[in-house]
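One structure is given below, encoded as structure tokens.
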Amino acid sequence: MDPGKARACVLRTGGTNCDLETQIALEELGVRTEIVHMNQLEKKRLSDYQLIVFPGGFSYGDYVRAGAVWGKSVLAKLRLELEKFIEEEKLILGICNGFQVLAEAGILPGDGVSETPSIALANNSSAKYECRWVWIRVENNETPFTMTMKRGEVLRIPIGHAEGRFLTRSEEALEELKRNRQIVFRYVLPNGDDANGLYPYNPNGSTHDIAGICSKKGNVMGMMPHPERAFFGWQLPEWGESPPEKGDGRKVFESIVNRLKHL
Amino acid sequence: MGLNISLERMRYLKQYFNNRPPTDVELQMIAQTWSEHCFHNVFKGDVVTDDGSVVRSLLKTYIMRATRELNKKWCISVFEDNAGIVDFDKGYAVAAKVETHNHPSAVEPFGGAATGVGGVIRDILGVWGEPIALTDVLCFGPLETRYEELPPGVKHPRYIYRGVIAGIGSYGNNMGIPTVSGAIIFDKAYTGNVVVYCGCIGILPKDAYVKDTKENDFAVLAGGRTGRDGIHGVTFASAELTEEAEELRSAVQIPNPIVEERLRRAILRIRDGRLASGITDLGGGGLSCAAGEMAHRSNLGVDVDLDKVFLKAPDMAPWETWISESQERMLLSVPENNLERVLEIFSEEDVEASVVGRFIKSGRIRVFTKRRVVCDLDLNFLFNPPKVTSKARTPRLPPAVINIAEPRDLAEEILELLSDPNIRSKEDVIRTYDHEVRGCTVVKPLHGEEAGPSDASVIKPLKDSWMGVVVSCGVNPFCPDPYWMAAASIEEAIRNNVAVGGRRIAILDNFVWGSPEDENNMGTLLKAVEACYDFSKALDAPFISGKDSLYNESPLGSVRSTLLITGIGVIPDVRRAVTLSLKNKDDSVYVIGLTREELRGSAYLRLKGKDGGEVPKIEAKLSRMITGSLIKAIDEKLVLSCHDLSEGGLGVAAAEMVIATRNLGIKIDLRKVPSEVSRSDYLLFSESASRFIVEVNKDGSRRFEEIFSGLPFSRIGEVVNSKTGLSIADLNGRVHTLSMSEIKKAWRGY
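Line order of the protein sequences matches chains A and B. Position one of the first sequence corresponds to residue 112 (the numbering used here), numbered consecutively onward. Position one of the second sequence corresponds to residue 28 (the numbering used here), numbered consecutively onward.
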């Protein structure tokens with residue numbers, strides 16, 4: 112498909128707040144992108160889109176647990192449509208609160224919807240909100256979200272969350288993620304070496320330094336860092352004498368566009 | 028009834044109501060509207076000085092006069108609305124407002140600070156602005172204060188500190204508005220009186236700024252429900268904090284940012300559809316003040332039906348509903364034709380909204396409940412309370428001589444200053460605020476690979492414009508001379524702004540003072556306000572908005588008089604913004620400006636526990652020439668990094684540049700610094716104004732020196748590799764060195 116014809120839907124509900132910058136990133140690369148409120152979905156069909164983004168924010172104030180309420184409301188309203196969407200290997204991206212929603216809804220790490228999620232994004236080990244730029248390494252460049260990157264490539268990208276500590280239900284669940292190559296991004300040291308939990312490189316205490324994972328088929332990805340905040344060069348925290356044109360976060364969106372061509 | 032109305036005014040009221048008793052609703056409304064917090068009686072009243080002269084309105088005589096005389100075309104709305112508005116780019120304008128929320132934060136730190144943020148965000152929504160950035164400046168007692176030192180009713184600074192910071196973070200983060208600028212100050216004088224300044228900056232299409240309520244328009248109340256939280260917030264804020272303040276916890280509102288987030292979405296959609304004729308937020312005095320002000324502004328009257336207001340508690344008394352300051356509420360005036368669409372938008376965004384009244388010609392405010400009239404007041408009477416007269420005693424600052432031995436080891440002094448609570452890194456706080464959300468933050472509060480403290484932040488608010496908004500602040504409460512304290516705060520706000528490339532700077536004033544009933548407090552206030560006029564005018568920076576918070580008194584006495592100046596500048600292209608991190612080895616390091624022996628109130632003398640010498644004074648003409656030349660050099664791309672010299676002087680500024688940088692250091696020679704100082708420690712730590720430290724590339728040096736010719740400046744050293752960190756040759760040629768790791772450790776604490 113011509114990416115100019117592809118359509119993306121950035122979903123929002125009360126408390127979502129990164130929808131606009133996510134839309135700007137996608138439109139900058141030529142993808143027609145609509146921001147759609149959950150209340151508008153009676154008039155819209157998810158099947159009209161090739162990409163759904165659950166953006167960052169504090170949906171429902173993050174009451175109960177981050178992403179918990181929106182996650183359940185997504186299931187209540189959209190379960191069948193989403194299952195079909197996933198089955199058709201269309202793309203779903205969850206960023207930050209969006210990742211929390213996908214986890215709480217049981218959409219990740221499975222390929223459909225799981226009743227008993229095997230992952231969680233718990234309170235940061237530092238027990239507080241953390242806004243900082245981190246380094247993440249591409250572990251799997253064969254997903255639709257990373258296909259323009261090199262394996263082992265290090266991206267400079269910011270995080271901003273209080274609940275981003277990636278946990279799996281069991282050792283075995285982690286092994287399964289590894290086995291299925293579902294780990295997409297890991298927090299690393301600036302030189303690309305494993306962070307091994309070292310704060311603040313691993314900013315939240317995530318198991319195995321995990322920053323982002325995908326479904327087994329790879330068409331659903333959740334990540335805690337914000338690629339839309341590292342899209343333009345001028346967004347970077349340090350740029351020498353003048354800013355570069357592009358930030359590393361752009362690569363996530365470029366990969367998506369590349370994939371949309373083949374849908 | 029907790030009215031807090033003076034006896035004199037009570038007598039005036041008795042006369043006004045001569046043949047009937049006022050209702051509780053009326054009395055409460057009058058008390059809110061006439062409170063110091065809402066009406067600013069002292070700033071609008073007369074001040075009699077000890078030489079017998081009378082100043083009529085501090086606000087008009089000094090602050091607004093400077094703006095009027097500067098008469099800038101780019102000032103769109105000043106001092107007349109919820110926020111000041113200046114021109115921006117591509118048909119857009121920038122709105123800015125700063126508020127204080129001191130009393131609530133002293134009683135209930137989390138809720139007090141959070142609702143401070145919520146309130147100032149609504150001020151921006153109240154001029155149809157989309158909030159794009161938040162600022163906060165906080166003053167606390169020393170965290171290590173011993174419990175035994177605290178009188179009953181005063182909470183421990185650490186408890187207040189934690190609560191306030193969590194409150195600010197929670198509201199801004201939840202709303203998705205980046206917190207980009209601020210400061211934290213510790214001093215004993217804030218132990219009883221915490222100071223919480225919250226600022227918000229917004230952007231709006233110029234033609235969307237509509238305030239034109241018409242007869243027959245509907246009054247629509249939208250957002251959170253009205254409850255018993257926040258009853259008497261303003262009368263409480265206009266009184267001294269006492270041991271019993273705890274009982275007034277109900278005067279502090281309960282924050283719910285998610286409700287305001289939805290409200291914001293709806294308001295912006297209504298704005299973009301140009302569906303409403305007017306808007307104002309519900310802050311102090313709640314619905315009573317909002318409805319009254321909106322009607323009065325358009326020379327109308329209004330009828331309000333309290334039974335239409337959504338309540339949190341069903342059994343609220345009418346006066347409670349009328350003056351409750353529950354959060355997250357806005358009042359809109361909506362023409363009949365658009366009413367349905369407006370209500371639909373609120374519903375789509377999950378916001379409760381209700382038509383509570385209608386604007387009419389009457390010039391009166393009438394309130395109904397259960398078909399009874401419970402308030403019927405003439406708006407002209409309501410908004411013209413009897414003037415207040417205050418007395419001021421001119422402050423005298425006794426001269427004092429500095430008396431400290433010259434230290435042998437300057438490196439040790441720098442390290443001590445870097446770890447001073449007022450200078451050391453605030454990273455553990457700053458990182459709990461999201462400063463990246465919206466993806467528009469160009470210069471961040473912590474910038475550079477190693478995250479050093481920026482002078483100002485830069486936001487790029489429009490997708491299709493390279494122009495940036497530059498946000499800075501100036502606050503200098505330790506200067507013991509109120510006139511020069513105010514002057515220094517203004518100059519510092521401008522200097523910080525210019526350091527990153529900001530120009531065309533508008534400023535906002537926020538006074539936090541002790542009781543105006545004390546002649547000494549009024550004396551210092553008068554001096555500070557005089558300086559505001561003098562230096563706003565002389566430095567060409569108009570005031571666009573301001574607020575005063577008086578009556579900051581506790582069992583521990585008055586607050587330290589604190590003036591916050593917020594600077595809002597612009598930079599034509601954000602890619603030209605200058606940061607403080609060093610860029611290349613061998614680049615030249617210059618100091619611009621003249622260093623004088625001005626250490627009174629400085630971080631260095633405070634560290635030594637001493638007072639004396641001269642306070643920093645500002646030569647406005649020189650300051651303007653320096654900032655003008657610096658902007659020129661920045662625009663010609665000659666300036667690779669820049670930092671202003673403020674707390675801790677040259678020593679701390681140079682160290683902070685090293686802190687922000689990964690692999691480079693600085694080597695300087697004090698003998699080359701343009702100065703009138705004969706002691707190395709004074710030279711290194713003097714806090715003279717109008718000074719910068721700048722990195723310039725070798726190729727640019729000649730042109731740079733040309734631009735500054737005739738002004739005090741000098742090449743004092745160069746950028747070196749990181750083995751050195753910071754190396755300083757003193758006036759005797761002795762070299763003091765600090766390694767990069769010890770500098771960073773002193774500043775960061777790890």
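Every residue gets a Cβ at the ideal spot worked out from N, C-alpha and C, and that includes glycine. As the structure is a computational prediction, the values presented were derived from the model and not from experiment.
Taking a Cβ-Cβ threshold of 9 angstroms, none of the residues of chain A is close to Asp-163/B; the smallest such distance is about 14 angstroms. With a threshold of 8 angstroms between beta carbons, Met-202/B makes contact with chain A. Within chain B, Ile-285, Val-286, Glu-288, Arg-289, Arg-292, Glu-376, Asp-377 and Val-378 have C-beta atoms less than 9 angstroms from the C-beta of Gly-125/A, given in sequence order. Restricting attention to alpha helix (DSSP H) runs no shorter than 4 residues, the segment 129-172 of chain B encloses them at 129-134 and 136-152, ordered along the chain. Counting C-beta atoms within 10 angstroms of its own C-beta, Tyr-240/A has 16 or more neighbours from the protein chains shown and is therefore classed as buried. The beta strand (DSSP E) runs of length 3 or more contained entirely in the segment 356-407 of chain B are, from start to end of the chain, 356-361, 380-387, 391-396 and 399-405.
For Leu-232/A against Phe-210/A, the beta-carbon gap comes to about 7 angstroms, under 8 angstroms, which counts as contact.
Interface flag for His-148/A against chain B is set, since a Cβ pair is found closer than 8 angstroms. Nearest in C-alpha terms to Ser-132/B, of all of Glu-107/B, Pro-543/B, His-183/B and Gln-55/B, is His-183/B.
Asn-365/B counts as buried, since at least 16 other C-beta atoms from the protein chains shown sit within 10 angstroms of its C-beta. Under the 8 angstroms Cβ criterion, the segment 765-777 of chain B does not count as touching the segment 627-640 of chain B, having fewer than three qualifying pairs. At a cut-off of 8 angstroms between beta-carbon atoms, Gly-168/A makes contact with chain B.
If one requires a minimum length of 3 residues, the beta strand (DSSP E) runs lying completely within the segment 188-230 of chain B are 206-213, in chain order. In this structure the segment 382-390 of chain B does not touch the segment 250-257 of chain B; the number of beta carbon pairs closer than 8 angstroms is below three. Excluding the 5 residues flanking it on each side, Arg-718/B has same chain C-beta neighbours closer than 6 angstroms at Gly-620 and Leu-672, in chain order. With respect to chain B, the C-beta atom of Pro-354/A has a partner C-beta closer than 8 angstroms.
Near chain A, meaning a CB-to-CB distance below 7 angstroms, the residues of the segment 469-484 of chain B are Val-469, Lys-471, His-474, Gly-475 and Glu-476. The DSSP-derived three-state label of Lys-154/A is coil. Per DSSP, the unbroken beta strand (DSSP E) holding Tyr-617/B starts and ends at 615-619. Membership of Met-549/B in the alpha helix (DSSP H) is indicated by the continuous run 546-565. Counted as a single uninterrupted DSSP element, the beta strand (DSSP E) harbouring Val-75/B occupies residues 73-76. Nearest Cα to Leu-327/B within the set Ile-90/B, Ser-656/B, Lys-414/B and Ala-246/B: Ala-246/B. In the three-state reduction of the DSSP assignment, Glu-241/A falls in the strand class. The C-alpha of Glu-477/B is placed about 19 angstroms away from the C-alpha of Gly-209/B. A distance of 8 angstroms or more separates the beta carbons of Glu-367/B and Leu-290/B.
For Ser-542/B, no beta strand (DSSP E) segment is defined, and its DSSP state is neither H nor E. Here DSSP, grouped into helix, strand and coil, assigns Met-343/B to coil. At a cut-off of 8 angstroms between beta carbons, Lys-659/B makes no contact with chain A. Sequence-distant Cβ neighbours of Gly-168/A in its own chain, meaning closer than 7 angstroms and more than five residues away, are Gly-126, Thr-127, Asn-128, Cys-129 and Asn-208.
In the DSSP assignment, Lys-471/B falls outside any beta strand (DSSP E), carrying neither H nor E. Glu-63/B carries a helical assignment under DSSP once its states are collapsed to helix, strand and coil. Contact between Thr-142/B and Pro-49/B is absent: CB atoms are separated by about 30 angstroms, not below the 8 angstroms threshold. Under the DSSP assignment, Phe-712/B falls in the alpha helix (DSSP H) whose first and last residues are 707-712. With a threshold of 8 angstroms between beta carbons, Lys-239/A makes contact with chain B. A direct Cα-Cα distance of roughly 11 angstroms separates Asn-690/B from Gly-475/B. Leaving aside the five residues that flank Arg-324/B on each side, the residues in its chain whose CB is nearer than 8 angstroms to its CB run, in chain order, Lys-238, Thr-240 and Gly-305.
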